[in-house]
Amino acid sequence: MISDGAGAGWYAVRRAPLSAHGLEHGLSDVRCGADLVELNHHLEAELRLEKQMWEHAPLRRAS
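Quick note: the sequence shown uses this note's numbering, first residue -15, plus one each step.
Below you can see the structure in the form of structure tokens.
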């Protein structure tokens, strides 16, 4: 969810909170930017981190 800040800037909030594992890997529930371009850069970085985390996640076997 993306919203404009109370005083200035913009922020994006995840719809579902992250796990402790995601937080430990540098992901965030909230990202901010002075403008939409800056916020977009931060969100793109967040997506790259998330993709890397999932690519390196250990596989779980179904029981």
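Ideal Cβ placement from N, Cα and C applies to all residues, glycine included.
Which of helix, strand or coil DSSP assigns to residue i
{"i": "residue 15", "result": "strand"}
{"i": "residue 0", "result": "coil"}
CB-CB length for residue i against residue j, believed under 8 Å
{"i": "residue 23", "j": "residue 17", "result": "3 Å"}
{"i": "residue 14", "j": "residue -4", "result": "7 Å"}
{"i": "residue -6", "j": "residue 20", "result": "6 Å"}
Span of the alpha helix (DSSP H) around residue i
{"i": "residue 25", "result": "20 to 39"}
Residue i and residue j closer than 8 Å at C-beta
{"i": "residue 9", "j": "residue 31", "result": "no"}
{"i": "residue -15", "j": "residue 6", "result": "no"}
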